[in-house]
Every structure is written in C-alpha cells, then in structure tokens.
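Enquirer: For what it's worth, my numbering labels the leading residue of the sequence shown as 54, then goes sequentially. For every residue, glycine included, the Cβ atom is placed at its ideal position computed from N, Cα and C.
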Amino acid sequence: MNPAIKAIAGSLALLMTMAAWPVHSQEVIPDFYKDPGIQPNRSYVNQGFGEFIDPFTGALQLHYVDIHLPGNGGFDLKVVRSYNSTSVEPTNPALHESLAGVGWNIHFGRVLKSRETSICFNKNSQTIADNPVLELPDGSRQLLAFTGTTAPLLVTTQRWRADCITSGAGGLAVTSPDGTRYDMNQLVNLGGGPYPTYAWLTSRITDRNGNYATIQYAAAASPQISSVVTSDGRSVQFFYADSGMASRRITAISAAGQTYHYAYQGISNVRDKFQLGSVTRPDGLRWIYDYNGNLNNTPGSHIMRRLTYPQGGSIGYQYGFVHFDTQANPASRSTVVTAKSTSTGGNWSFSYAPGRPGAHDVTTVNTPSGTVTYRHIGPNYSSSGSVWMVGLLASKSLGSSQTETYTWGKQKISSENNFRPGAFATKVDIGEFNAPLLAERTITRDNASYTTRYSNFDTYGNPGTISEYGPSSGNRTTSLSYYINPSKWIVRQVQSESHAGGSISRSFDGNGNMTSITRDGIQTRHAYDGQGNLSATTFPRGLTHYYGGYRRGIAQSESQPEGISISRTVSDAGNVTYETRGDGSTWTYGYDSLNRIISVGYPAGNSVQISHGTTTRTVSRGALTQTTSFNGFGQPVSVNYGGIVRSFSVDALGRRTFESDPGTSAGTAYRHDILDRVISIRHADGSTQGIGYGPATRAVVDERGLTTTYRYRAYGDPDQPLLMAISTPEPSTNLSIGRNARGLVTSVTQAGITRSYGYNGSYQLTSITHPETGTTSLGRDAAGNMISRITGTVGTIQYRYDGHNRLQSISYPGSTPDVTHSYDRAHRLLSTATSEATRRFTYDRNGNLTREELAAGGFNWNAGYSYNGNDQLASITYPLSGSTVSYTLDSLGRPTAMPGYISSVSYWPSSQIQRIAYANGVQSEYGQNERLLPASFATSRQGSYFHRSILTYDRTGNLTSVRDRADADYDRTFGYDGVHRLVSMGTSRGRGSISYSGSGNITRQSLGSELIDYRYDSRHRLSSITVNGGPTNHFTYDTAGNFIQSSQKSYTYDAVPNLLCADCWGNSPIRYAYDGDQKRTHTTKAGVTTYEFHGVHGNLLAEYGSGQLTEYIYLNGKRIAQKVSAR
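Put into structure tokens, the structure is as follows:
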C-alpha cells in the first residue's frame, strides 16, 4: 500500500475508534476552541489584573502568582493559580479534577494522557492521537510529538522536550527551552470511568545550575501537594480540607511567614466538587469569585460570572453559545464570553463569526475606546495539510487607526499525523507535525507601514535574520546567532546580534550563564558561583565588583573598587531588612505580609512609616504625611501630600483622564484614541491643545490654534519612533535631524545652519561641530568617560577617573590650574582643589551637607547647615560672621518664617509663594491664575503700594500684558510669533518690535524711536551692533568661540573657559579668580579685591572687601535681603 494512503487509512480508523469513546471521557488533547492557557501566537483582551479573554476561543482566563519566593541563581519559586473557563464542562462540571475548585488549577506542571499509562512508548507512530500532553501551571497545554529519535524523545511546538524516566514508576523528564528540567513522575489517576485520564505530576524541578525544588505529595498516587522544599532551604506548605478524599481541596498555602487562605462553595447536585469562592491574602483582603449555577440551556452554566478585587472593584461576565462547526457537527457548541462590565462603568461586548473556507474567524470586541477586530485562522478556513495553522492570529485591527497583519511559516518537528480530536477531527496534516513560525508582521498605523520579517530559522525555530522596514528610511537588517546547548536543552538564548548600527556578542559557560558581553567592542565580564549567582563583574576599564553571601538571590556582601564595601541582611521572604553602606551608615527596612515596604529607618532623624488600608496608602515621616487613595481596581484617585490634595480620574482602561491642580477641583483633562495616545489636553481655563496623528507624524495644535508637526523614523515598531524633523508655524524655523544607523543624532539643521555630531566605533560621542566654534574633539575611555577635549587652539584638556568612574582630576593646558576631586565611600564629593583654591565638604549620617569650606586667595570661608528630623534645611550659619539664618518650616519643608528677616510666608497649594511679610513691614503678595501662572504682584507697606501689577497671558501661557495700578509707566504689552518668540511690545516709551532669523538670532529690535541692528559673521556669531544708525560696535572671538574684543573692551579667558579679565587693556581692568567648580572666589577692580563665597547650591552667600562684609539672605533660592557689617 502507498505510505500516504496507509497513513490516511490509519488516521481514519483511529477517528472511527475515537467516535466510539464514551462521552464522559475528557480528552486531554483539547478541541481547537477549548484550548486552555496562554498561547504565544495570539493576542488577548486583558484590561484587568491577571485577566485574559481569548478572542479566538472566547474563553476567560485568570492567572495569579499567590506565592513568590526569590531564590539563588534566579531559581525563583512561584505558586501559580489559574482559571480557565474552557476547563469547565457546563453540563458536567464534575469532569474537571482540581485541588483548587472547578475551573482552577494549582500545580507545578504535569503530563496528561488518556486511557493508559504507557507514556514513553509510541504505540501508534503514525499519529499524535495517543500522545501525551504537557500542561503548564497556567493551564496551557502543548502536545508532545514523538521525534523518531531517543534524544529528545518528544518535543512540543514551543520547543519543550520530554525524555523517558525509566526508574521507579517512570514518567517523563520535561525540559523547558531555557534548560529547566521538570521530573514528572508522580502518577495519578484523575478518573473518568473506564477510560480514565492519567497525570504525571512534577516531583522535582532542577534549573540549569543545579538548584532544585522537591515537590512532596501526600501519598504515592495522590495529586495532593503537601510541601515544596528547595535546595537553598525555602519551603512552601499546603493545607487541605477533606485530605485524602475525593472532595479534597486546598485551604491554605504558607511560605516565609505569608499565608493565603482559600474558601469554597459547593456545587448544587454535584457531589464532591467545589467552586473557589474567595482567596484571602496575608493582609486579610480577599479576591471574591461568583459563579453561575446550572442554567440548563442558557449559556454560562457553572462558569464565573463576577470577580471582585481586594479593593472592592468588580468585573462581571456574560456568556453565549457559538457553533464554530456548522458543517461536520452542527450540534457542537462553545461557551464564550459575550460581555464584560466593570463596577466603574466600563463595558465590553464580544461577537464571533466562525470562518468558512477562505474566510477567517472574526471576533469583534467593542471596548470603551473603540472597536477591535481579530481575525484568526480557524479550522473552517484551514484544510487538511494546514491544521498546524489553526488558532494563529491573522490580523488585529484597532478602529481605523491601526491594523496588524501576520504571516506564518512552518517547521516540521515530527512525522506524525497532526489533528485535533473533537469537532474537527477529520482535518489532518498527513506525515508532518509542524511548529508555526512568525514570518512577517506588518503594522499599518495612520496609513504608514512598519514591517518586520523573520527568516533563516535554525532547527529550533530561532530566526537568524530580522529585517525591518519603516517610514523615513527606517530600514534595518539584524543578524542573530544563538547559544545552543543540547545537553542542557538551552535552545533559545541569543548569543550575538549585529546590524549596521552596532553589534553585541556574548559568551556563556557550560550552564548557559553569560560570562561576557561585548557591545560595539566594549566588554563586560561576569563570573558565577556554583548556584549561578553573580560572583564578580568586571566593568570596562578593568573595574571589578565582587558579590557574595547570597540569600534569596540577593548578594549580602559587595566589595567594590576604592575600598567600598556593602553588607545586607535578607529575610526568608527575600527582602533586604538591613543594609550597611560604604560609608558605614546603616539603613533598616520593614515589610508587611505582602512584602510591601512599611518602614525605612535612616541612620539619623525620623524614620519613614507606611501603612496600607483597603483603598489607601499612608506614608509618614515626622509631621509630613502623604495619603494616596485608590479606586476599587487599585488605581490612584487622590493624593493628599502634607494637606494639599490632588485628585485624578481614570477611564475603564486605566488611562488617566483628569488630574486636578493642587488644592482645587479644577485641573487638566485628557482624551485618548484607541491606541491610548493623548489626542486632547484641556486646561483649567478652558484652553485646549489638540494632537493629531498621521503617517509617521504627530501634529500638535496649541492653545492659540497654531500647528507644529513632528516627523519620525521607525523601523518595524511604530512605538519606537525617532524624531527626524519639526515643521513649525514659522517655516523659516523648520528643523531637520540626521541620524546614523544606531539612531543617534548626527546633525541638526535649521535655517541653513547645521550642527554635527560624530561617534567612534563604540557609538560614543567623539566630536561636536558648531559653526560658532568649529569642531570640538572628545576622547573616550572604554567606560564612555570623556578623557580629553580639544576646542580650537586652546589645547588639550585631560580628564581622569577613579575606580567608580567618578571624575578624579582635570589637567588643563597652559597656566590654568589643574583640578582634583576626592569622594567618600558613599560617592559624595569631599573636596575640589586647585593650586589657587580648595573647597571641602562635610556631611551628616544621612548624607546632608553640614559644612563647606573654601580657602582661596589667602582667604578662608566656612558655612554650616543644619536640618530637622526630616532632612529639611533648618538653618544656615554664614561664614566669617558666624551669624545664623533660621527657617521655620511647615511639614513640607517650606520656610514659613525667617526670624529677623521674614515674619511669615504663605503658599498657594501649588507651592508657589502667595504672600511674604518682611520684618521691616513690607509685604509682597503674589496672585495665581487658573493655569498656576503668576496673576498679580503687589508690594506695599502700611497700605501704600510700590508695585501693584496685574499679569495676563495668552492661551499658551505667554505673558501678554502687565498693568501696574501703582504706576502706569510700568504698563507693558507683548506679542508673539508662531513659535512663541517675543516680536512686539508696548510700553510708556512707545511701541516696539523684534525680528529674528530662522535660527533664532535677533536681527533687529526697536522701541519707540530707538532702533538696534544686529549682524552676524559667516560662523553665525554676533559681529556688530548698530544703534540708531550711529557708530557700530564690533565683536571678535577666539578659536573656542569666546567673545574677546568689542570696540570698547577686551576680555581674556582660561582654558575652562572662565572669564579672567574684563577691559584688560583699558585703564580699569577687572580680574576674576575661580575655584575648581568654576565658582568665582574673588574679583579685583582698581586694586581692590573682593572675596566671594558661593555655596554648593550656587547662591552667593557672602562677599568681603575693603573691610566690609556683605551677607545675602535667600528664601527658596531667591535673594530677599542682604546684611552689611564692618569687619
């Protein structure tokens, strides 16, 4: 007989046998439309936490991780709880065997087979009908196909392998593509009458580094998990009701001080079967699940109808019947989700149109943001020979904005016939069992196409070439190779990747741990201990960090360059509870039963306390409290920070639609399109910004109605755009951007002026070319640190770094003093020194600066800073005088008084100043408009106003007028062009205007009778200014672009460049000196030297000269007073 005819005959005989099987036998190889679990080649509707609705099968799935214990070497232990509505037979829910309620699964993986326990022997080598099936913890099933070889014996389309365990009771050793082995040899009869289903449950899990977990069962043939113990000492305990009986069910799972409790409800008229009613978390809050009863001929019997979140939000589900097979078996029907609704008002509807020859299955989902249409390859579309394609996503359309299309290829992994029992059993792939391979994906968004093609697949289904095509020359081809370790079954690990924009290569040890990675020629090396924990990393420049003492996957000790050591204590749950940092400071951390952080102990001062309520989280430190309130789905709806409240609104998809301004119900509203992009922003004053999207473009219509368009390049993914051009309402200011194959900016051109950027082979920035200064060359070390800089003829500036890539020294050419920096072991700057000035810093245990000293020009300064228990600045002790400025603070750390200077300060909820009452009787008041912009400013004393200004703005926030009620001479009006540059003004002196070039240079300015013309040289530097046609003031520059000469004065600079001298060749030169941080230390004018002290924050705190000390007092960084004294 012809082999093909023989194969077909064998398949038909098997199908006839299958037709005679009793209906109470539950098939382990599911029908196409009863496929449970998450499939990798589909897209799911999943707006809810853990929720997945399959648009192909119409099934509801819920997936949660109840217990998660991190482990050494990345070997984490998870207890997964999954619900699949397709697992529930509406007419006979007793068919589902589970320890967690009908429809639910809690296990660590298992192999299923119907009717017999001969799992390693391929009785019918022509077909998959008697093959075992792998079921993962999420309930998803993968058929194990016999390969025709002994290594591996069986393999799935997702490249899980299985080999026979010949010892003991037998079973299969199943290995995932990442090398994790599952010994599935706990044989259990799941029931099913004379044709039972058998399961081989996992008894041991071993990762590729040899870490393992042992799953212990109540008895030799029991599915009842009693405990899980890992090689590093972690353990999980399981507790049951009716232990050992048919009605057994998990009532609690406990690990590392956490316990989850499970409560059930019986099913009417169904003996020994229960539905999971609630899961109580360790914090006492519950997930609640409600189910339909027996609805007879109404869809949805015994399936979940509502779930309620621990925070109180709920989701309801409705069901319908769909007859996917109207030809071979018209009576066959599936129960599908037809509607979903949330307690916050969100509604979804699902409709299903089964396919036919040449037509896909179509599922239409109406969502709160629009209509999403899915097209899948269904069994009615496919014929024999293309069974492998059934269930694959063909396209997904999101309204009219975007369509994704998918093209699939195949790879043969077995010579067995492929078919599915059930309604479509007559369709068979003869002599081949194929794994689907994604060959092409095209996303068409806003009429622009983004295509990704996959080709040159290896025998494990890994693509060797990925080609991407997108708008604005977004074309790129990437070549990949893989680390393949057949003995460990590591078969999906990328080893190298390269394209025109760079390359990455990796090396691995025998366990598949990455020992080195080289990115564009720069290498980082790694070493591991016996458990696969990272023991050392050598970063570029040969800087090695050592790690040890691992517990729960966290290094409890670190040794770093520059003598820095870090130690930690890790709890059983894998939380860091105690940490000693490099400077010896200690930090403590507390956690609740859900491993949420609830306290932080600082080395000094107040600790942080965090408490969690059902729908609130409160964080407090000292007198400062922040309370966040959440809706029933855990989304923030308000934040009260130190008494200032902001509120938020979200839509049914979790997108923020409104956020209030601080302390008010007014705020900003947002609208989104079906792709979750913001399309409208409405401000509190009613002004609106609109955003539109076109082919690889985004057009922003601002509040004045002016449009700016952004053009992008993208490769195969429109969500990874690169900005290429900006078109503005003023065409002369349009801007274009050049990029290299890496996507880095190589040029920016505006109004004919180009600024260029160059890179080395490692794609580190090595040159910058500006027309004003020419080319600046930058040297780089392997870590990317800048080690040299050359601009013009200044010479080479050299930079050195310590073992943490902190800047250690700068060597300048010529007479410019070199600079050295030193740091403590917490990476805080301790000193900056040159031959002319030294600045030193001292810190408290929390890292706050408490003292800074400056020695420069023979003059010594020091300033002190003190803080309250919340690390908020409470006082500054000024240098020389030793006088102290104290701040009275509110809980937010804002000064509300400064004794001797300010009697009181009040703030708007936005934290902008509302009113200042000075100690001298002067008061300043600041108004605020709906956009939180300054609306008024008034200064008065005893009711007499010095200033009383009213400020108005256009709808984009540009200041348009200032009206001073105290003195009309200060009235002003302003006008702006399309890119918001000031172009007109009106004052008491008359009208004025300003003209610009396309690059933004001012070319002319007028006010009343005064006219100023500006001219620029060929390098776009200001070359002259002419006022009212009079004498022209000319300007010249050095090769570094520094302004060195005008018609009246000359200027000199050091190599930094700092200005050293003004009017150097005139009669009254002014000379300046600086410290290593480029803060000015003294000025000499007419032979008199004035010494200056700038704090680390940049504020000038004091200056001394000619026997006079002047101290400057600040409020929130703004100078509000000065104090002069003889010294």
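Just verifying my parser: in three-state terms, what is the DSSP assignment at TYR86?
Expert: Position 33 of the sequence shown, counted from the start, is the residue given in the question as residue 86. TYR86: helix per DSSP, three-state reduction.
Enquirer: Just to check my reading of the structure: ILE1065 and ARG1057 have Cβ atoms closer than 8 Å, yes? What is that Cβ distance to the nearest angstrom?
Expert: Mapped onto the sequence shown, residue 1065 falls at position 1012. Mapped onto the sequence shown, residue 1057 falls at position 1004. The Cβ separation is near 7 Å, so the contact holds.
Enquirer: Can you pull the DSSP bridge partners for ALA991?
Expert: Counted from its first residue, the sequence shown places residue 991 at position 938. DSSP, once it has assigned bridges, lists GLU978, ARG1001 as partnering ALA991.
Enquirer: Output needed for ARG795: all residues of its chain with C-beta closer than 6 Å, excluding positions within five of it in sequence on either side, in chain order.
Expert: For this step, residue 795 is matched to residue 742 along the sequence shown. Counting only Cβ-Cβ distances below 6 Å, and skipping sequence neighbours, we find GLY554, GLY555, TYR816.
Enquirer: To the nearest angstrom, how far is the alpha carbon of ILE356 from that of ASN345?
Expert: For the purposes of this step, residue 356 is identified with residue 303 of the sequence shown, where counting begins at 1. For the purposes of this step, residue 345 is identified with residue 292 of the sequence shown, where counting begins at 1. If you take the alpha carbons of ILE356 and ASN345, they lie about 6 Å apart.
Enquirer: Is TYR536 closer than 8 Å to GLY565 when the C-beta atoms are compared?
Expert: As a working mapping, residue 565 is identified with position 512 in the sequence shown. As a working mapping, residue 536 is identified with position 483 in the sequence shown. For GLY565 and TYR536, yes; Cβs fall inside 8 Å.
Enquirer: From ALA970, ILE955, ALA950, TYR979, pick the residue whose C-alpha is nearest to that of PRO962; which is it?
Expert: Here residue 962 is taken as the residue at index 909 of the sequence shown, counted from 1. Out of ALA970, ILE955, ALA950, TYR979, TYR979 has the C-alpha closest to the C-alpha of PRO962.
Enquirer: Return the residue from the list ASN433, ALA492, ALA476 that minimises the CA-CA distance to GLY462.
Expert: Within the sequence shown, the letter at position 409 stands for residue 462. Comparing Cα positions, the closest option is ALA492.
Enquirer: Spatial neighbours of ARG1025 within its chain, please: C-beta separation below 8 Å, excluding the five flanking residues on both sides.
Expert: Start at 1 with the first residue of the sequence shown, and residue 1025 comes out as number 972. Correct list, in chain order: SER1014, VAL1015, MET1038, GLY1039, THR1040.
Enquirer: What is the DSSP secondary structure of PRO689, reduced to helix, strand or coil?
Expert: Within the sequence shown, numbered from 1, the residue matching residue 689 stands at position 636. In this structure, PRO689 counts as strand in the three-state DSSP scheme.
Enquirer: Can you give the Cα-Cα distance for PHE990 and THR531, rounded to whole angstroms?
Expert: Against the sequence shown, residue 990 aligns to sequence position 937. Against the sequence shown, residue 531 aligns to sequence position 478. Cα to Cα, PHE990 sits roughly 60 Å from THR531.
Enquirer: Would the region 154-165 count as touching the region 319-332 if we require 3 or more Cβ pairs under 8 Å?
Expert: Output reads yes: the region 319-332 touches the region 154-165.
Enquirer: Please report how far the alpha carbon of THR11 lies from the alpha carbon of THR680, in whole angstroms.
Expert: Only positions 54 to 1180 of the chain appear in the structure, and residue 11 is not among them; the question remains open.
Enquirer: Quick one: grab the DSSP three-state call for ASP1022.
Expert: For this step, residue 1022 is matched to residue 969 along the sequence shown. Of the three classes helix, strand and coil, the one that applies to ASP1022 here is helix, per DSSP.
Enquirer: Rank THR460, ASN813, TYR631 by C-alpha distance to the C-alpha of ARG506 and give the top, closest one.
Expert: Mapped onto the sequence shown, residue 506 falls at position 453. Closest option to ARG506, Cα to Cα, is THR460.
Enquirer: Cutting at 7 Å between CB atoms, please list the residues of its own chain near TYR1167, excluding the five before and the five after it.
Expert: Mapped onto the sequence shown, residue 1167 falls at position 1114. Cβ within range, chain order: ASN1152, ILE1173.
Enquirer: On the criterion of 16 or more Cβ atoms from any shown chain inside 10 Å, does TRP1118 qualify as buried, or is it exposed?
Expert: Residue mapping note: residue 1118 aligns to position 1065 of the sequence shown, counting from 1. With fewer than 16 Cβ atoms within 10 Å of its Cβ, TRP1118 is classed as exposed.
Enquirer: Could you name the residues that DSSP lists as bridge partners for LEU240?
Expert: Residue numbering aside, residue 240 sits at position 187 when the sequence shown is read from its first letter. Per DSSP, TRP253.
Enquirer: Answer with buried or exposed for ARG1042, where buried requires no fewer than 16 other C-beta atoms within 10 angstroms of its C-beta.
Expert: Residue numbering aside, residue 1042 sits at position 989 when the sequence shown is read from its first letter. ARG1042 comes out exposed.
Enquirer: Between which two residues does the beta strand (DSSP E) harbouring TYR768 extend?
Expert: Stepping through the sequence shown from its first residue, residue 768 is reached at position 715. No beta strand (DSSP E) contains TYR768, which DSSP labels as neither H nor E.
Enquirer: Assign PHE174 to one of two classes, buried (16 or more other C-beta atoms within 10 Å of its C-beta) or exposed (fewer than that).
Expert: Along the sequence shown, one-based indexing puts residue 174 at 121. Its Cβ having fewer than 16 others within 10 Å, PHE174 is exposed.
Enquirer: Assign PRO93 to one of two classes, buried (16 or more other C-beta atoms within 10 Å of its C-beta) or exposed (fewer than that).
Expert: As a working note, residue 93 is residue 40 in the sequence shown. Answer is exposed; the Cβ neighbour count stays below 16.
Enquirer: Excluding the 5 residues preceding and the 5 following THR426 in the sequence, name in chain order all residues of the same chain whose CB lies nearer than 6 Å to its CB.
Expert: Taking the first residue of the sequence shown as position 1, residue 426 is located at position 373. Same-chain partners within the cutoff: THR417, SER450.
Enquirer: Which one of ARG409, VAL672, ASN99, ASN813 has the shortest CA to CA distance from ASP378?
Expert: For the purposes of this step, residue 378 is taken as the residue at position 325 of the sequence shown. The shortest C-alpha separation from ASP378 is found at ARG409.
Enquirer: State the DSSP-derived secondary structure class of VAL418, mapped to helix, strand or coil.
Expert: As a working note, residue 418 is residue 365 in the sequence shown. Correct three-state label for VAL418: strand.
Enquirer: Mind checking GLN1161: buried by the 16 CB within 10 Å criterion, or exposed?
Expert: Taking the first residue of the sequence shown as 1, we reach residue 1161 at position 1108. By the neighbour-count rule (16 or more Cβ atoms within 10 Å), GLN1161 is not buried but exposed.
Enquirer: Just mark SER140 as buried or exposed, buried being the case when its beta carbon has 16 or more other beta carbons within 10 Å.
Expert: Taking the sequence shown and counting its residues from 1, one reaches residue 140 at position 87. Buried is the call here.
Enquirer: Below 8 Å between beta carbons: does that hold for LEU130 and VAL289?
Expert: As a working note, residue 130 is residue 77 in the sequence shown. As a working note, residue 289 is residue 236 in the sequence shown. Yes, they are a contact pair.
Enquirer: Can you check whether the C-beta of VAL801 is within less than 8 Å of a C-beta belonging to chain C?
Expert: Protein chains in the displayed structure number just one, and chain C is not present.
Enquirer: What three-state label does DSSP hand THR826 in the structure shown?
Expert: Start at 1 with the first residue of the sequence shown, and residue 826 comes out as number 773. Coil at THR826, not helix or strand.
Enquirer: For ILE821, which option in ALA1093, SER279, THR891 has the closest C-alpha, if you only look at C-alpha atoms?
Expert: Sequence index remark: in the sequence shown, residue 821 carries index 768 (1-based). Nearest C-alpha to ILE821: ALA1093.
Enquirer: Spatial neighbours of GLN239 within its chain, please: C-beta separation below 6 Å, excluding the five flanking residues on both sides.
Expert: To locate residue 239, count along the sequence shown from 1; it is residue 186. So the qualifying residues of the chain are LEU254, SER256, TYR270.
Enquirer: Can you give me the C-alpha to C-alpha distance between GLY602 and PHE161, rounded to a whole angstrom?
Expert: By one-based count along the sequence shown, residue 602 stands at place 549. By one-based count along the sequence shown, residue 161 stands at place 108. Each residue's Cα considered, the two are about 29 Å apart.
Enquirer: Could you tell me which residues DSSP pairs with TRP157 in its beta bridges?
Expert: On the sequence shown, residue 157 is found 104 positions in, with the first residue counted as 1. Note: TRP157 sits in a beta bridge opposite TYR136.
Enquirer: In or out: ARG214 buried (at least 16 other Cβ within 10 Å) or exposed?
Expert: Taking the first residue of the sequence shown as 1, we reach residue 214 at position 161. The residue in question, ARG214, is buried, as its Cβ has 16 or more Cβ neighbours within 10 Å.
Enquirer: Would PHE999 be called buried (16 or more neighbouring beta carbons within 10 Å of its own) or exposed?
Expert: Numbered from 1 along the sequence shown, position 946 holds the residue referred to as residue 999. By the neighbour-count rule (16 or more Cβ atoms within 10 Å), PHE999 is not buried but exposed.
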